[in-house]
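A.B. asks: Reading the sequence shown from the start, the letters are residues 2 to 199 in the working numbering. One structure, pasted below without further comment.
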Amino acid sequence: MIPRIPDQAPFSREQRAWLNGFFAGLYSVQAVDGLVPDAPAPPTRSVTVLFGSQTGTAEGLARKTVNALKAQGFAASACELDTMTPADLVDVHHLLVITSTYGDGEMPDNAQIFWEALSAEDAPRLEQTAFAVCALGDSSYPDFCQAGKDIDARLEALGARRLFPRADCDIDYEAVFAGWLEGVCEALNVPSGDGALV
């Protein structure tokens, strides 16, 4: 029952009408236990952030990415590339990879095992996965950002859909990374939930 102000209450007619309207509005959106009746909880979309890091920069950016995603209501987690296998990615719908390039275009130490499995001929198809890659490197080397470029190309070859274009970050990476993260967050917030495919 929605409470009503009795006619004999010490309020003017206008005050009673306002209060009755207030209570009616309050009870129309709030159940007794404080929850909205029959309103399903908004779905929580999960995002997996994988990083390959030699000196810690990519790991730090992965943590920053997770914090930004959580602030927007996503269930996000970060882990090293080598803790996942391509088979694990079959159940991942939103994948972000942040990786540095070590030496002359090599994978960082904590990404080598993952890369070997991902580049194998029997790697699984990933059509259900939307992904984006942020590559870190040093443009003074000939194979600038090669690790990220390789992962980006291989995910696409396995059927994964590009959520947002790859970013190639030089030593001064802050502005490029910030633009990539902003674009990824916008793509993930597309109402379809699949992200903007480019």
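Here a beta-carbon is modelled for each residue, glycine too, at the ideal position from N, C-alpha and C. All figures in this text were calculated on a predicted structure; none of them were measured in a lab.
1. Below 7 Å CB to CB, which residues in the same chain sit around Asp89 once its five sequence neighbours on both sides are set aside?
2. Nearest by alpha-carbon distance to Gly138: which of Glu157, Asp173, Ala124 is it?
3. Assuming Gly180 is part of the alpha helix (DSSP H), what are its boundary residues?
4. Applying the 10 Å Cβ sphere with the 16-neighbour rule, what's the burial state of Ser54?
5. What separation, rounded to the nearest whole angstrom, lies between the Cα atoms of Met108 and Asp151?
6. For the candidate residues Gly160, Ala133, Ala148, whose alpha-carbon lies nearest to that of Pro125?
7. At which residue ranges does the region 68-129 contain complete beta strand (DSSP E) runs of 3 or more residues, listed in the order of the chain?
8. So, at 8 Å on beta carbons, what are the nonlocal neighbours of Gly196 in its own chain, with the 5 sequence-adjacent residues on each side left out?
9. Can you tell me which of the three DSSP states Pro41 falls into?
10. According to DSSP, simplified to helix, strand and coil, what is Arg1?
11. Per DSSP, which residues does Gly53 bridge with? Please list them.
12. Are the Cβ atoms of Phe75 and Val98 separated by less than 8 Å?
13. How would you label Glu81, buried or exposed, when you count the other beta carbons within 10 angstroms and need 16 or more for buried?
14. Please state whether DSSP places Phe23 in a helix, a strand or coil.
C.D. replies: Taking the coordinates as given:
1. For the purposes of this step, residue 89 is taken as the residue at position 88 of the sequence shown. Result list for Asp89: empty, nothing under 7 Å.
2. Taking the first residue of the sequence shown as 1, we reach residue 138 at position 137. Nearest to Gly138 by C-alpha distance, out of Glu157, Asp173, Ala124, is Asp173.
3. Here residue 180 corresponds to residue number 179 of the sequence shown, with the count starting at 1. For Gly180, the enclosing alpha helix (DSSP H) begins and ends at 175-189.
4. By 1-based counting over the sequence shown, the position of residue 54 is 53. By the Cβ-count criterion, Ser54 is buried, with 16 or more other Cβ atoms from all chains shown falling within 10 Å of its own Cβ.
5. For the purposes of this step, residue 108 is taken as residue 107 along the sequence shown, with counting starting at 1. For the purposes of this step, residue 151 is taken as residue 150 along the sequence shown, with counting starting at 1. For Met108 and Asp151, the distance between alpha carbons rounds to 9 Å.
6. Your numbering for residue 125 matches position 124 in the sequence shown. Comparing Cα-Cα distances from Pro125 to each of Gly160, Ala133, Ala148, the minimum goes to Gly160.
7. Secondary structure within the region 68-129: the beta strand (DSSP E) runs of 3 or more consecutive residues, fully enclosed, are 76-81, 95-101 (chain order).
8. Your numbering for residue 196 matches position 195 in the sequence shown. Low per-residue confidence applies at Gly196: pLDDT is 44, beneath 50, and the placement is therefore not dependable, though the value from the model is reported in the following sentence. Excluding residues within five positions, the ones whose Cβ falls inside 8 Å are His95, Ala131, Arg162, Leu164, Phe165, Ala188, Leu189.
9. Your numbering for residue 41 matches position 40 in the sequence shown. Any reading at Pro41 needs caution, since the residue's pLDDT is 49, under 50, leaving its predicted position unreliable; the model's value is listed next. Reduced to three states, the DSSP call for Pro41 is coil.
10. Outside the modelled stretch of the chain, which goes from 2 to 199, sits residue 1, for which no answer is possible.
11. Position 52 of the sequence shown, counting from 1, holds the residue named residue 53. DSSP lists Thr100 as partners of Gly53.
12. In the sequence shown, residue 75 corresponds to position 74, counting from 1. In the sequence shown, residue 98 corresponds to position 97, counting from 1. Taking 8 Å as the Cβ cut-off, Phe75 and Val98 do not qualify as a contacting pair.
13. Within the sequence shown, numbered from 1, the residue matching residue 81 stands at position 80. Under this definition Glu81 is a buried residue.
14. Here the question's residue 23 lines up with position 22 in the sequence shown. In this structure, Phe23 counts as helix in the three-state DSSP scheme.
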